[in-house]
Structures are given as C-alpha cells and as structure tokens.
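The letter at position 295 of the sequence shown is residue 633 when you use the working numbering, and the numbering goes up by one with no holes. Idealized CB from N, CA, C, for every residue including glycine. Remember, it's a predicted structure, so these values are computed and weren't measured experimentally. Working notes, beginning with the structure itself.
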Amino acid sequence: MTLATGVGSHPGDDQRAYDEAVRLVLGELPELAYLPEVPGRGATASMTGRAMAVVAALGADLQPAGWRLTDGPGVDQRRARSLLAQDLDGLEEQAQGYAGVFKVQVAGPWTLAATVERPRGDKVLADHGARRDLAQALAEGLGDHVADVRRRLPGVERLVVQVDEPALAAVLAGRVPTASGFSRHRTVHAPEASQALEWVLRAVAEAGAEPWVHSCAGETPLDLLRGAGARGLSVDHAHLSARDHDEVATALEAGETVALGVVPSTDPADVPTDAQVTEALLRWLEMVGLDPEEVGERLVLTPSCGLAGASPAWAQRSLALLHEAATHLSG
C-alpha cells in the first residue's frame, strides 16, 4: 500500500495554528502522520530552533544574527525546549490510540552548521571542531527525543526520524556565505559530511527509529545519504536529475523508502486532480522500471517541500490530494 505524508512545516503564527495542524495531519494521514512544525510562531519554533531544543550538552541563545552557541543554555533555548514539550503534549492529547507509522523531523548537522554561529561569531561551519561537537550533540539529543516520542505514542510500532538537510548541497559546493557576505566558507569534503550524518543517523537507528534524510534542494548527493545510513530519502520529484532518478529507484529496489514530493508546497495557479497526480506517478514508475504493487508502502507521497508558505486551505487540500493519489496507487 502506497502511503502519504507531509514534509513537516505548516502555515500559521500562533498556538491555535499548531493545534489545527495536528488535527489536520491526524485526520488526513491516518497511516503516516507526523509532528507538525509551525515556524511562523517565531525563532524558537523554526527548524533551527527545534533542533537547538533537541541537542544535548551544548548551550545556545538567540542573537541579532540568529542562533549562537554559548557556554550554557540561554533563555531562548529554554523557551525552544518548553515549546517543543508543549507541542508534544498537544500531540499526545490528540493522538491517543494512534497506531500508524509516525514521523518527527529535525534539522541535520550540516544545515545546523551552516545556520548556527560559534561563540566568537561566524558560522559553526568555519570550525572543524565546532561542527563535530554540534553533530555529536545532535546525535546524543536525538536518542532522548525518540524515547520521549515513543513514551507519548505507545501504539506506534514504526517511528521515523526525518533529518532535514536543505543546506547540504551548498555546504559541499562551498556556497555558504561567511558572516561578512563577501566570501564563502570552504567546501566540506564528502567523507567528513558523511561521517557527521552517520553519527546522527546511527543514533536514530540505535534508539529504535527509522532514519530518513530530506532535502528539497537540487544537487543533494543521494548516494552519500544512503551510504551514511539513511533508510529513507525524501526528495522533490521536480528537482531530480537523471542520476537521482536512478538512485531513488535503486533505493526502492533495495527495500528502502522514498518519499517523493509530487504536489506543490504553495498554492498553485492550477490545482491538480488526484487522477493527474496518480497518472504522473505511474508514468514515473514506468520510466524507472518499477511496479507499483511491488514498491508498496516503500513509496511515500509528499508535497514538494514544507507547507509553511501555503494557505491553510491549500495545506489541507494538498494532504487530502496525496492521500487520494496514494489510495489509487494502492488499488
């Protein structure tokens, strides 16, 4: 059975929007729901803020330029942790009895290294030791996070942790700007990039969850992600190169999961029908030489990226559309 899910983020700017997102996800995606993110609530609810709430043994606080590492947890990091706990409380209340697959999301080590600053300024990416420490702190914190989610959702047998790495391609290509904006950080070579991801993905697996990696950015090296331990790839179909198509087909044939972004993440001028989405997927499966029945639930349908920039109406319609297309493929 083909499944449908979302990438993570939803529109809105207050707690009511988060509560509504939880209701929407649980209602529209009964087989593979997820913990929504509503970054419009502020920096503590952003992708980086969420991750800084999860990391262990590293302090952080907000500065005018964004999140910065500190000697101990700052007030903003404590607020981020409090907000995450509050959101999990709300999820636990609404998801009583839920027994499908469940997914949580967290920013990956290289996206954090490209967005979080060192205590002395500039990005963590500029310091080999700092980026190693940040990756290891994230790995350590994820073990506790997975255990907390499992405690709150005891009926879930299969828990997925989606590691978001939208900045990975830029890190590998040396395209991340320095604080001055006049230069670029040095390229991180593939072996080091793979090692940091491996620490994080191994921690997820050792905690009893299934590690996926998501990026809707083009030029993300999917073979590197799989080599580092990703057992699921979450990608935007529109950004796949010919080599990427081969890699995702190989992943599916190997029994791994591919979450394929197939509907727009923002309100489209022309809304596709469930039949059009299904037909496009069948053409793609034929192109890569895969049978829908054989692929089964290893193929997951998603929006092309997060829904934070969508209207509430499109956020709801996109998830319903994905569920309808998944049902057609399963039939």
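Which residues mark the beginning and the end of the beta strand (DSSP E) in which residue i is found?
i, result
"Val-442", "439-445"
"Thr-588", "It is not in any beta strand (DSSP E) - Thr-588 instead sits in the alpha helix (DSSP H) that spans 580-591."
"Glu-548", "548-553"
"Tyr-372", "370-372"
"Pro-641", "637-641"
"Thr-595", "595-601"
"Gln-401", "397-401"
"Leu-571", "570-574"
"Gln-500", "497-502"
"Leu-421", "Leu-421 -> not in any beta strand (DSSP E); alpha helix (DSSP H) instead, spanning 413-432."
"Thr-408", "404-408"
Please report how far the alpha carbon of residue i lies from the alpha carbon of residue j, in whole angstroms.
i, j, result
"Arg-406", "Ala-589", "37 Å"
"Leu-619", "Ser-656", "16 Å"
"Ala-355", "Pro-606", "21 Å"
"Leu-426", "Ser-642", "25 Å"
"Pro-377", "Gly-346", "10 Å"
"Glu-478", "Arg-621", "42 Å"
"Arg-488", "Ala-545", "10 Å"
"Ala-534", "Leu-472", "9 Å"
"Val-484", "Gly-380", "24 Å"
"Ala-389", "Leu-623", "35 Å"
"Thr-616", "Met-625", "14 Å"
"Ala-541", "Glu-375", "22 Å"
"Ala-651", "Arg-490", "29 Å"
"Arg-417", "Leu-400", "11 Å"
"Thr-525", "Ala-394", "27 Å"
"Arg-469", "Glu-662", "42 Å"
"Pro-492", "Ser-521", "49 Å"
"Leu-421", "Ala-648", "23 Å"
"Arg-419", "Ala-576", "35 Å"
"Ser-553", "Met-385", "13 Å"
"Gly-365", "Val-633", "25 Å"
"Ala-580", "Pro-559", "12 Å"
"Gly-467", "Ala-423", "30 Å"
Please state whether the Cβ-Cβ distance between residue i and residue j is less than 8 Å.
i, j, result
"Ala-464", "His-527", "no"
"Gly-593", "Asp-574", "no"
"Ala-342", "Gly-350", "no"
"Val-514", "Ala-508", "yes"
"Asp-561", "Glu-585", "yes"
"Leu-645", "Ala-664", "no"
"Leu-506", "Thr-449", "yes"
"Pro-504", "Ala-555", "yes"
"Leu-637", "Ala-587", "no"
"Pro-447", "Leu-476", "yes"
"His-666", "Asp-612", "yes"
"Leu-510", "Phe-440", "no"
"Leu-367", "Gly-387", "no"
"Trp-537", "Gln-614", "no"
"Gly-438", "Glu-369", "yes"
"Leu-373", "Leu-429", "yes"
"Met-339", "Ser-668", "yes"
"Gly-404", "Glu-455", "yes"
"His-348", "Ala-653", "yes"
Considering residue i, what are the terminal residues of the alpha helix (DSSP H) in which it resides?
i, result
"Glu-662", "650-668"
"Leu-472", "466-490"
"Thr-382", "Premise fails: Thr-382 is in no alpha helix (DSSP H) and is neither H nor E."
"Ala-521", "Residue 521 is actually Ser in this sequence, not Ala. Here Ser-521 belongs to no alpha helix (DSSP H), and DSSP marks it neither H nor E."
"Thr-616", "612-625"
"Asp-357", "353-366"
"Asp-629", "First-last for Asp-629: undefined, no H or E at that position."
"Ala-543", "528-544"
"Leu-463", "Taken as a continuous stretch (DSSP letters only), Leu-463 belongs to no alpha helix (DSSP H), as it is neither H nor E."
"Leu-510", "506-511"
"Arg-564", "560-565"
Quick test of your reading: residue i and residue j, contact by CB under 8 Å. State the CB separation rounded to the nearest angstrom.
i, j, result
"Thr-382", "Ala-398", "That pair is no contact at about 11 Å."
"Ala-543", "Gly-565", "Between Gly-565 and Ala-543 the Cβ distance is about 14 Å, and since that is not below 8 Å, they are no contact."
"Ala-517", "Asp-460", "5 Å"
"Gln-432", "Arg-361", "6 Å"
"Val-596", "Leu-660", "That pair is no contact at about 14 Å."
"Asp-482", "Ala-445", "Between Ala-445 and Asp-482 the Cβ distance is about 16 Å, and since that is not below 8 Å, they are no contact."
"Ala-451", "Gln-415", "The pair is not a contact, with the Cβ atoms about 17 Å apart (cut-off 8 Å)."
"Trp-550", "Leu-578", "Incorrect: roughly 16 Å between the Cβ atoms, too far for contact."
"Glu-591", "Arg-569", "Actually they are not in contact, since the Cβ atoms of Glu-591 and Arg-569 sit about 14 Å apart, beyond 8 Å."
Should residue i be counted as a contact of the ligand SAH given a C-beta to heavy atom distance under 7 Å?
i, result
"Gly-397", "In terms of ligand content, the structure shown is empty, and the ligand SAH therefore cannot be addressed."
Check whether the Cβ of residue i lies closer than 8 Å to any Cβ atom in chain D.
i, result
"Gly-627", "You won't find chain D in this structure, because it holds only one protein chain."
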